[in-house]
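These notes concern the structure reproduced below.
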Amino acid sequence: MTRRNLTVQLDDDVIRQARVVAARRGTSVSQLVAHQIEELVEADRRYDEAWAAAREAMAGAVDRGGRSWTREELYDR
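Following our numbering, the numbering of the sequence shown begins with -18 at its first residue and continues without gaps.
Given below as structure tokens:
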């Protein structure tokens, strides 16, 4: 897999805090950011797969002849 650089602009305070977090975790700010972006991309991919599976399941659902109510029945009017 080819790795490429990405430039990100952040406030000085955020960068300073990110360096502290990275140091505590024994990693670099670059690796910290890369890991978070990879997790975000993976979560988005899983969401898309789940949504596609749900749409497929709903499309194949069989009408079970469920009951429908009137507004008056629902609100005891």
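C-beta atoms are modelled at their ideal positions from N, C-alpha and C, and glycine is treated no differently.
Practice task
Measure the C-alpha to C-alpha separation of Gln17 and Arg26 and round it to an integer number of angstroms.
Solution key: As a working mapping, residue 17 is identified with position 36 in the sequence shown. As a working mapping, residue 26 is identified with position 45 in the sequence shown. Going from the Cα of Gln17 to the Cα of Arg26 covers about 14 Å.
Practice task
My understanding is that Arg5 touches Leu13, with C-beta atoms under 8 Å, so please give their C-beta distance in whole angstroms.
Solution key: In the sequence shown, counting from the first residue as 1, residue 5 sits at position 24. In the sequence shown, counting from the first residue as 1, residue 13 sits at position 32. Actually they do not touch by this definition, with Cβ atoms about 10 Å apart.
Practice task
Express the C-alpha separation of Arg(-3) and Ala15 in angstroms, rounding to a whole number.
Solution key: Looking up residue 15 in the sequence shown gives position 34. Looking up residue -3 in the sequence shown gives position 16. If you take the alpha carbons of Ala15 and Arg(-3), they lie about 17 Å apart.
Problem - Rounded separation between Ser49 and Asp(-6) - CA only - result: As a first step, residue 49 must be located in the sequence shown, where it is residue number 68. As a first step, residue -6 must be located in the sequence shown, where it is residue number 13. If I take the Cα positions, the gap works out to 57 Å.
Exercise for the section: Would you kindly check if the distance between the Cβ of Ala(-1) and the Cβ of Val10 is under 7 Å? Expected result: Position 29 of the sequence shown, counted from the first residue, corresponds to residue 10. Position 18 of the sequence shown, counted from the first residue, corresponds to residue -1. Against a cut-off of 7 Å, the Cβ pair of Ala(-1) and Val10 comes out as a contact.
Handout entry: Coil, strand or helix - Tyr28 by DSSP
Key = Counting from one through the sequence shown, the residue named residue 28 turns up at place 47. Of the three classes helix, strand and coil, the one that applies to Tyr28 here is helix, per DSSP.
Exercise for the section: From the DSSP output, in three-state form, read off Ser49 for me. Expected result: Numbered from its first residue, the sequence shown carries residue 49 at position 68. Residue state for Ser49 is assigned as coil, using DSSP reduced to three classes.
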